[in-house]
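Residue numbers (the UniProt record's numbering), protein chains in the order written: chain P, 1 to 331; chain V, 1 to 331.
For every residue, glycine included, the Cβ atom is placed at its ideal position computed from N, Cα and C.
Each remark here refers to the structure printed beneath this line.
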């Protein structure tokens, strides 16, 4: 295993501590619950937004806490759902008079932890709603998930509800907005290499030198098929061929296009993919109204990328354009 | 080779085209000279700032073009200096009445191309100055460089002169500021894996499963020594042990601390390293006044990281804090 790590069992706490030390004025780390929260949260003028899942997907979600984004992130260990008690305590620490919204990618372990925590929080009198994101078109139902999985498209749901919450929207309104964004968002990814969880110390699966995994999940779960590695052009054709007809996105649509890196792929390759996807969409009459290139939801050190489309309307565009501030996005 | 690529010989142009397509309102791509420039440049109210080197170090420099940063970036092919003619034409396209500043990492090939281009531009009546960055403490003199190499610390020189240029500083003033920032900036890096240039198709060097390269250059050049991979704690001790005494940075100093990823290392590991470095500096009485964690100057897909310190004073802090806008840093 070639990683910067001390005791692999301390990987997540040491990372969280680093995030807090790098952002002493804006973020707070609560080690008891693996929690990263805004230093100025909760505010009773806005709904608190909390997102959680296993670690290993950074910057999601612990590095996107800040004004106009998350109020708190509650991660589990690498690729493991957070304990239900941690989610509950996080919700209590961030309880707002306007309510609490929990954002969860649709994976069975995460779903269970957050649903149970929400029930207990409600029993304690809190106003809590849970919103599940399921943007991955690759597979439906698996040993990991009932229904579709939530992957990089969670960024758009989070950004939209984060902006609306900052503007004072109610909990009901945020649920409406989040469900709407989720309903027009679709993603599929391709892995070129496996990833290595620090505590395991070896790759989660094997890929031959000439192979790729089409439709890979963000924990290295199998996708649609194992295939021979092809050119960037053919890979974008495959991804658009799965994503575009699924909603479907149609000629005349304006979309946000995200090329998300899975952790080990350099940004040069992501921009190369972006250019190809942008032009192929234009050839179908689909216009890119907003572009996102970089790492948003990763799988540790996996080389690979995912492509996400969001169908834009005026409401979604305005929410995506709203200002936001997050950890260390400094020039 | 596991990369997203079409014809490897088109890797750089296809990446540059992607950058331009993702930023249609703010950036312009001039294929004849591999040039990415601000769409609103040149302005005769400010000195134009151009940075160049081989490609493969993204986001440096083609992805940091924008207000308060670079006016243009002129990259060569992967790990190859840009042709002298391209640098000259870039300088001409960005010629401003206030002059042109060329920023160059100190590598022999880049130095030759930019010095010759500057001479020719001056012969054509342009006011051009060239500033060399040499922040890498690892090695002095090699087959690649006379003197020290320029690596991730180039970001701080660029950010400072970019901010000062936006505020209307003269070319002489920018040279003074750039030399000052360079003089208080020191870096050293560690590679855990080699990197693979697309056109070569195989790794530039070999590292055994339990080895790291201490003091690696940003093109995979050898550093101080090949060593057995150790814990993150010991790696930070090694990097601080080389960087801190070099200037030296001393108890009572306030510094900017950058943990820069070399391309294949996930940001989770970079924050883990950041936390360790921050605390070890504090134990020496050195305060981190500003933190930078992420990818600033990479080596393609190399797993590894570098640590940079900048001794802060009021002038440098103000320039680092000044607003800046670059490609796709959107939330």
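Mind checking whether residue i and residue j have CB atoms under 8 Å apart?
i	j	result
residue 269(V)	residue 4(P)	yes
residue 46(P)	residue 92(P)	no
residue 322(P)	residue 66(P)	no
residue 118(V)	residue 108(V)	no
residue 263(P)	residue 299(P)	yes
residue 276(P)	residue 236(P)	yes
residue 141(V)	residue 150(V)	no
residue 320(V)	residue 159(V)	yes
residue 128(V)	residue 104(V)	no
residue 226(V)	residue 238(V)	no
residue 22(V)	residue 271(P)	yes
residue 308(V)	residue 143(V)	no
residue 62(V)	residue 102(V)	no
residue 181(P)	residue 214(P)	no
Among the options, which one has its Cα closest to the Cα of residue i?
i	options	result
residue 50(V)	162(V), 169(V), 59(V)	162(V)
residue 316(V)	61(V), 179(V), 211(V)	179(V)
residue 12(P)	273(P), 125(P), 58(P)	58(P)
residue 377(V)	138(V), 203(V), 145(V)	What is shown of chain V runs 1 to 331, which leaves residue 377(V) out entirely.
residue 171(P)	48(P), 307(P), 188(P), 296(P)	48(P)
residue 216(V)	198(V), 189(V), 83(V)	189(V)
residue 223(V)	196(V), 191(V), 125(V), 254(V)	191(V)
residue 125(P)	102(P), 106(P), 95(P)	95(P)
residue 325(V)	71(V), 271(V), 153(V), 258(V)	71(V)
residue 55(P)	24(P), 75(P), 260(P), 69(P)	75(P)
residue 318(P)	291(P), 114(P), 73(P), 164(P)	164(P)
residue 116(V)	133(V), 81(V), 147(V), 139(V)	81(V)
residue 106(P)	88(P), 83(P), 147(P)	147(P)
residue 252(V)	260(V), 281(V), 265(V), 273(V)	281(V)
Whose Cβ in chain P lies nearer than 9 Å to the Cβ of residue i?
i	result
residue 124(V)	Correct list: empty, because the minimum Cβ distance to chain P is about 33 Å.
residue 213(V)	In chain order: nothing, as chain P lies at least about 11 Å away.
residue 298(V)	266, 267, 268
residue 235(V)	4
Using the beta-carbon count (16 or more within 10 Å), is residue i buried or exposed?
i	result
residue 44(P)	exposed
residue 331(P)	At residue 331(P), the pLDDT of 45 sits below 50, so the modelled position is not reliable and the matter cannot be decided from this model.
residue 9(P)	exposed
residue 7(V)	exposed
residue 244(V)	buried
residue 231(P)	exposed
residue 123(V)	exposed
residue 220(P)	buried
residue 304(P)	buried
residue 228(V)	exposed
residue 20(V)	buried
residue 39(V)	exposed
residue 200(V)	exposed
residue 234(P)	exposed
residue 197(V)	buried
residue 77(V)	buried
residue 24(V)	exposed
residue 183(V)	exposed
residue 209(P)	exposed
residue 167(V)	exposed
residue 110(V)	buried
Cβ closer than 8 Å: which chain P residues qualify as neighbours of residue i?
i	result
residue 58(V)	266, 267, 268, 271
residue 73(V)	Simply none; closest approach about 13 Å.
residue 11(V)	268, 272
residue 63(V)	267, 271
Regarding residue i and the ligand FAD, is the C-beta to nearest heavy atom distance less than 7 Å?
i	result
residue 263(P)	Ligands displayed in this structure: none; no statement on the ligand FAD is therefore possible.
Name the chain V residues that come within less than 9 Å of residue i, Cβ to Cβ?
i	result
residue 90(P)	Those within 9 Å of residue 90(P) in chain V number zero; the least Cβ separation is about 20 Å.
residue 200(P)	What residue 200(P) touches in chain V: nothing, since even the nearest Cβ is about 15 Å away.
Which residues in chain P sit within 7 Å of residue i, going by Cβ to Cβ distance?
i	result
residue 104(V)	Those within 7 Å of residue 104(V) in chain P number zero; the least Cβ separation is about 20 Å.
residue 263(V)	266
Listing by chain order, which chain V residues have their CB less than 8 Å from the CB of residue i?
i	result
residue 5(P)	231, 232, 269, 272
residue 315(P)	Simply none; closest approach about 17 Å.
Taking residue i as the query, report the chain V residues whose CB atoms sit under 7 Å from its CB, ordered along the chain.
i	result
residue 17(P)	275
residue 193(P)	2
residue 14(P)	272, 275
(message) Tell me whether the stretch 286–295 of chain P and the stretch 19–30 of chain P touch, counting them as touching only if at least three CB pairs, one residue from each stretch, are closer than 8 Å.
(response) Per the Cβ contact rule, the stretch 286–295 of chain P is not in contact with the stretch 19–30 of chain P (fewer than 3 Cβ pairs under 8 Å).
(request) Note down, in chain order, all residues in the stretch 147–168 of chain P with a beta-carbon under 7 Å from any beta-carbon belonging to chain C. (result) Included in the structure are the protein chains P and V, with no chain C among them.
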